[in-house]
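Visitor:
There are 2 protein chains.
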Amino acid sequence: MSKLRLYLISMENPLSILRECGIQPTPQRIAVVEYILNAKAHPSADQVLERVRQQCPTISRATVYNTLNLLVEKGLLKAQVLKEGTVVFDSNVKQHHHFIDEDTGNIYDIPWNALKVTGEKSLKDFQVHEFQVILRGKRKRK
Amino acid sequence: MSKLRLYLISMENPLSILRECGIQPTPQRIAVVEYILNAKAHPSADQVLERVRQQCPTISRATVYNTLNLLVEKGLLKAQVLKEGTVVFDSNVKQHHHFIDEDTGNIYDIPWNALKVTGEKSLKDFQVHEFQVILRGKRKRK
DNA sequence: AGTTTGAGATAGACATGGTCTAATATTAGA
DNA sequence: TCTAATATTAGACCATGTCTATCTCAAACT
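Sequences listed follow chains A and B, in order.
Reading the first sequence from the start, the letters are residues 1 to 142 in my numbering.
Reading the second sequence from the start, the letters are residues 1001 to 1142 in my numbering.
1. Consult DSSP for D1090 (chain B) and reduce its assignment to one of helix, strand or coil.
2. With a cut-off of 8 angstroms on the beta carbons, I'd call L1135 (chain B) and F1099 (chain B) a contact; round off their distance for me.
3. Alpha carbons only, please: which of A:H129, A:R139, A:V133 is nearest the one belonging to K1124 (chain B)?
4. Does any CB atom of chain B fall closer than 9 angstroms to the CB of E73 (chain A)?
5. Go to L18 (chain A), then tell me how far its alpha helix (DSSP H) extends in each direction, as first and last residue.
6. For a cutoff of 9 angstroms on Cβ pairs, would you count F1089 (chain B) as touching chain A?
7. Less than 8 angstroms separating the Cβ of V48 (chain A) from some heavy atom of the ligand NAD?
8. Establish whether the CB of R5 (chain A) and some CB of chain B are separated by less than 9 angstroms.
9. Is the distance from the Cβ of L1076 (chain B) to the Cβ of S1091 (chain B) below 9 angstroms?
10. Which residue marks the beginning of the beta strand (DSSP E) containing T118 (chain A), and which one marks its end?
11. Near L49 (chain A), which residues of its chain fall below 8 angstroms by C-beta distance, leaving aside the five closest residues on each side in sequence?
12. Return the bridge partner residues of A1079 (chain B) from the DSSP annotation.
13. Between M1001 (chain B) and chain A, is any beta-carbon pair separated by less than 9 angstroms?
14. How would you write the range of the beta strand (DSSP E) that Q47 (chain A) sits in, first residue to last?
15. How about Q1080 (chain B) and H1042 (chain B): are their beta carbons less than 9 angstroms apart?
16. So, helix, strand or coil for I110 (chain A), using DSSP?
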């Protein structure tokens, strides 16, 4: 009970999230966090701007970029280079892979355990810090 | 003997390569092919422009972009989304993986057989056409 | 040879993603 | 309340990449 309540307060509230990371919670930052942490897609900065402007019409490009980069620094988001021409932001910061639909450009998360990669430790010339598999193809209609 | 000679004529000569692909071999296109197929790095279009201009000073951006895209269409190059902000071109069109040095941004090819990936066939929602592993870390000094 | 034609090359306009800066607004704290 | 620090803003700026109108040139035709 009190555990659930603590969780709700400390984790799901954009305001609390910002405070826990030591970021001053301004209305603009709260709006960005609110949107990005619930986004199912992998939005670009300009897509975030567009959406957040619906609720916070005066927010500037610079603020959105600043906020997103701050969230990446603090580890709440991960910037991914998956699309031509733009970085996308991923609120899933656990290890996982990505599938890119060749037709739509949509990006889907693939759970870490769905694939197994071996051999990366035997790369003598390289010290690997992280890796992921990027898959491309078509999504089957369900 | 004659096999080697045939190879030299038909494969290594930029002029012959272009002809074999059905691309009109102009001096500009030859210069681009000459540079890109011997490049060890993974240059961006603008890096190609910069280098090719040393030999062919009047070549325009549009021509370089057109030529590179043409070579990708014909399968002589592969465009890779590995860096923020720009596509890079890879003259290695066989299957392989990539390692990205976090300090320098340099990209290194990892042979296909150095890593093994399993499980991609069991992704029920996705029809996988291709995949690769992207690794990041530091290159060990040799 | 002179002309036509069409592919290719060119410069520069345009669009977009992203950073930087200078001015303004807000906040926290004494 | 006053001040200093921090955040926001608009817009300048830069880079990557595409598009378009014009120009060049070589081959084909008379």
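Ideal Cβ positions, reconstructed from N, Cα and C, are used throughout, including at glycine.
Nothing here was measured: the structure is a model prediction, and the numbers come from that model.
Guide: On the basis of the data shown:
1. strand
2. 5 angstroms
3. A:R139
4. no
5. 14-20
6. no
7. No copy of the ligand NAD occurs in the structure displayed, which carries no ligand at all.
8. Because the pLDDT of R5 (chain A) is 45, which lies under 50, any placement of that residue in the model is unreliable, and the question is left without a value.
9. yes
10. 116-118
11. Around L49 (chain A): I59, R61, V64.
12. Beta-bridge partners assigned by DSSP to A1079 (chain B): B:F1089.
13. Low confidence applies to M1001 (chain B): its pLDDT is 44, below 50, so where it sits in the model is not reliable enough to give any reading.
14. Here Q47 (chain A) belongs to no beta strand (DSSP E); instead the alpha helix (DSSP H) covers 45-53.
15. yes
16. DSSP, reduced to helix, strand and coil, places I110 (chain A) within a strand of the structure shown.
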